[in-house]
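Novice:
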Ligand code: HSE
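Numbering (our numbering), first residue to last: 102 to 545.
1) Apart from the five residues just before and just after residue 307, which ones in its own chain have a Cβ nearer than 7 Å to its Cβ?
2) Pairs of beta-carbons, one from the stretch 425-444 and one from the stretch 150-169, closer than 8 Å: are there three or more?
3) Closer than 6 Å from C-beta to any heavy atom of ligand 1: which residues, in chain order?
4) When the Cα of residue 285 is compared with those of 300, 267, 362 and 294, which residue comes out closest?
5) On the premise that residue 355 lies in contact with residue 312, defined as a C-beta separation below 8 Å, what is that separation, rounded to the nearest angstrom?
6) Short of 8 Å in beta carbon distance, which residues of its chain neighbour residue 459, apart from the five on each side in sequence? Order them along the chain.
7) Starting from the C-beta of residue 488, find all residues in its chain whose C-beta is less than 6 Å away, skip the five residues before and the five after it, and write them out in chain order.
8) Take residue 371 and list the residues in its own chain whose beta-carbon comes closer than 7 Å to its own, dropping the five residues that flank it on each side.
9) Check each candidate in 517, 514, 401 and 533 and name the one with the smallest Cα separation from residue 508.
10) Less than 8 Å between the C-beta atoms of residue 110 and residue 203, yes or no?
11) Just grab the DSSP bridge partners of residue 327 for me.
12) If I measure Cβ to Cβ from residue 318 and keep anything under 7 Å in the same chain, skipping five residues before and after, which residues do I get?
13) Report the residue from 330, 231, 361 and 256 whose alpha carbon sits nearest the alpha carbon of residue 296.
14) Could you say which of 522, 228, 406 and 539 lies nearest to residue 293 if we only look at CA atoms?
15) Taking 8 Å as the CB-CB limit, is residue 219 close to chain C?
16) Start and end of the alpha helix (DSSP H) containing residue 464?
17) To the nearest whole angstrom, what separates the beta carbons of residue 197 and residue 221, a pair I think is in contact under 8 Å?
18) Per DSSP, residue 348 forms a beta bridge with which residues?
19) For residue 92, collect the residues of the same chain with a Cβ closer than 7 Å to its Cβ; drop the 5 residues on either side in sequence, then sort them by chain order.
20) What would DSSP say about residue 142, mapped onto helix, strand or coil?
21) Under a three-way DSSP split, which group does residue 223 fall into?
22) Do the stretch 402-420 and the stretch 274-283 meet, that is, are 3 or more Cβ pairs less than 8 Å apart?
23) Can you check which of these residues, 539, 170 and 126, is closest to residue 518 by C-alpha distance?
24) Throw me the rounded Cβ distance for the residue 161 and residue 174 pair, which I believe falls under 8 Å.
25) Return the first residue and the last residue of the alpha helix (DSSP H) that residue 107 is part of.
26) Within this structure, are the beta carbons of residue 383 and residue 263 separated by less than 8 Å?
27) For residue 170, I'd like the list of residues in its chain whose CB is within less than 6 Å of its CB, leaving aside the five on either flank, ordered along the chain.
28) From 116, 461 and 168, pick the residue whose C-alpha is nearest to that of residue 404; which is it?
29) Please go through the stretch 272-316 and give each complete alpha helix (DSSP H) segment of 4 or more residues, from N-terminal end onward.
30) Who are the near neighbours of residue 228 in its chain, counting only those whose CB is closer than 6 Å to its CB and skipping five residues on each side?
31) Give the range of the beta strand (DSSP E) segment to which residue 259 is assigned.
32) Counting along the chain, where does the beta strand (DSSP E) carrying residue 458 start and finish?
33) Less than 8 Å separating the beta-carbons of residue 389 and residue 520?
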């Protein structure tokens, strides 16, 4: 048997503690799979004294993760602290510069500095692995980089944030408000320290930036992603979606077309019959459209200590076996710089929920504005079911304000620019009284 692989772990939160337990629990199996023992020999954490239910006897403790990264007492550095910059960035760089392979779960770090760090790792001939940074326990990075290496990928999309999927699922099944469901997700430990990262779509955007790069062989460009969160989704939208045969999911979508790469994160209407619509709760799912294999969907736990530790352990096992594939599946300097398609040029179907003045000709005025922008309507629902009609608990219109009704429109494929312009005009015409709710529809 070869020498043990000495692992240094920076960050002993939920994932770090789960990893330490996993490596202990699976020690025999891991040793037989890799031919060497895998042992956590050093850690770094903010609070040395905190009881994490771990036996850290004989494990060296470093107050500064940078010192751990540079220490000769470890063979591999595992970064589980989080944050795009600061100690995470400094210590990963220090580890690579001192000749150590790195494993990280840090999607913000990869989305921002992934290419620079991948180049450094390649220069040094070291592994730089981040399977756990996207979709928790779902091995999506290995699938794209290794399993699908013989394919051209046209589109990749998915549910990449467990917190959002949990909230939307719970709002739907229990009829609760967004705020109530967010509290429950936090209680269960799914949400990031700052939950706006989850519900605002930014966590999904970081993950999508990484997937798009791996799928299309393009440079990471997280800044170019159009990002919307789920904070504005209401029970009205869920009820309308249900009546129309849809479910609402926060999707990250990346598509390669002749015009360039489109990358977007937003709440999306997906047909209830699709695989992605069946994915409920904290689960993640990623669908890949590839030329040779066709369509592939991977579903699994996207958050939580054990699931994420499972992916971190897989990267450590690769290192113990001596496997060091280029982090993005090709040399980092060969990742293409491509044209990014702005959201205004997105084309697809739209769901629009409006509060419309209840008087003759109001709907006709909206239809005219849509027609002027060449938008074709697929369906119109006015009080299309009891749950969409004015509720008895709705406040009455203010003194002198017009009576309004809820109207839901579904459009055929049109451009984002056309729909935005038509709705702005309808608002200016005074036939629509509030900012409309707009949700894109993703067809298979
Ligand atoms: N907060 C994330 C989620 C955890 O809810 O999916 C994994 O990135």
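Ideal placement from N, C-alpha and C gives every residue a C-beta, glycine not left out.
Specialist: In short, the structure shows the following:
1) As a working mapping, residue 307 is identified with position 206 in the chain shown. So the list reads 208, 209, 212 and 323, once near-sequence residues are dropped.
2) no
3) 237, 262, 263, 264, 291, 292, 293, 299, 304, 403 and 404
4) What you label residue 285 is simply residue 184 of the chain shown in a count that begins at 1. With distances taken between Cα atoms, residue 285 lies closest to 267.
5) The count along the chain shown starts at 1 and reaches residue 312 at position 211. The count along the chain shown starts at 1 and reaches residue 355 at position 254. Right, the Cβ-Cβ distance comes to about 6 Å (below 8 Å), so this counts as a contact.
6) One-based indexing of the chain shown puts residue 459 at position 358. Closer than 8 Å at the Cβ level, and outside the excluded window around residue 459, lie 503, 504, 505 and 506.
7) To locate residue 488, count along the chain shown from 1; it is residue 387. Reliability of the predicted coordinates at residue 488 is poor, the pLDDT of 39 falling under 50, and the value obtained from them is presented with this limitation in mind. Hits under 6 Å: 340.
8) One-based indexing of the chain shown puts residue 371 at position 270. Around residue 371, the same chain offers 347, 348, 350, 377, 378 and 543 as residues with beta carbons nearer than 7 Å, after the five sequence neighbours per side are excluded.
9) Residue 508 sits at position 407 when you count from the first residue of the chain shown. When only C-alpha atoms are compared, the closest one is 533.
10) On the chain shown, residue 110 is found 9 positions in, with the first residue counted as 1. On the chain shown, residue 203 is found 102 positions in, with the first residue counted as 1. The answer is no: Cβ separation not under 8 Å.
11) By 1-based counting over the chain shown, the position of residue 327 is 226. Residue 327 pairs with 365.
12) The count along the chain shown starts at 1 and reaches residue 318 at position 217. Cβ neighbours of residue 318 beyond the five flanking positions: 431, 436 and 437.
13) Position 195 of the chain shown, counting from 1, holds the residue named residue 296. Residue 330 is the option with its Cα nearest to residue 296.
14) Counted from its first residue, the chain shown places residue 293 at position 192. Ranking 522, 228, 406 and 539 by Cα distance to residue 293 puts 406 first.
15) In the structure shown, chain C does not exist; there is a single protein chain.
16) The count along the chain shown starts at 1 and reaches residue 464 at position 363. Element bounds for residue 464: 463-473.
17) Here residue 197 is taken as the residue at index 96 of the chain shown, counted from 1. Here residue 221 is taken as the residue at index 120 of the chain shown, counted from 1. The Cβ separation is near 5 Å, so the contact holds.
18) In the chain shown, residue 348 corresponds to position 247, counting from 1. DSSP output for residue 348 lists 371 as bridge partner(s).
19) Here the chain comprises residues numbered 102 to 545, so residue 92 is not present and cannot be evaluated.
20) Here the question's residue 142 lines up with position 41 in the chain shown. In this structure, residue 142 counts as strand in the three-state DSSP scheme.
21) Your numbering for residue 223 matches position 122 in the chain shown. Residue 223 falls in the helix class under three-state DSSP.
22) The stretch 402-420 is not in contact with the stretch 274-283.
23) To locate residue 518, count along the chain shown from 1; it is residue 417. It is 539.
24) Within the chain shown, numbered from 1, the residue matching residue 161 stands at position 60. Within the chain shown, numbered from 1, the residue matching residue 174 stands at position 73. Right, their Cβ atoms sit about 6 Å apart.
25) As a working mapping, residue 107 is identified with position 6 in the chain shown. Element bounds for residue 107: not the alpha helix (DSSP H) but the beta strand (DSSP E), 106-111.
26) One-based indexing of the chain shown puts residue 383 at position 282. One-based indexing of the chain shown puts residue 263 at position 162. Against a cut-off of 8 Å, the Cβ pair of residue 263 and residue 383 comes out as a contact.
27) As a position in the chain shown, residue 170 is number 69, starting the count at 1. Closer than 6 Å at the Cβ level, and outside the excluded window around residue 170, lie 178, 192, 195 and 196.
28) Along the chain shown, one-based indexing puts residue 404 at 303. Taking only the C-alpha atoms, the option nearest residue 404 is 116.
29) List check, alpha helix (DSSP H) in window: 279-288 and 297-300.
30) On the chain shown, position 127 is the one that residue 228 refers to. Answer for residue 228: 202, 420 and 425, listed in chain order.
31) Within the chain shown, residue 259 is the residue found at index 158, counting from 1. Run containing residue 259: 254-260, per the beta strand (DSSP E) assignment.
32) Taking the chain shown and counting its residues from 1, one reaches residue 458 at position 357. 448-458 is the span of the beta strand (DSSP E), which, as asked, contains residue 458.
33) Along the chain shown, read from residue 1 onward, the residue named residue 389 stands at position 288. Along the chain shown, read from residue 1 onward, the residue named residue 520 stands at position 419. In this structure, residue 520 does not lie closer than 8 Å to residue 389 by Cβ.
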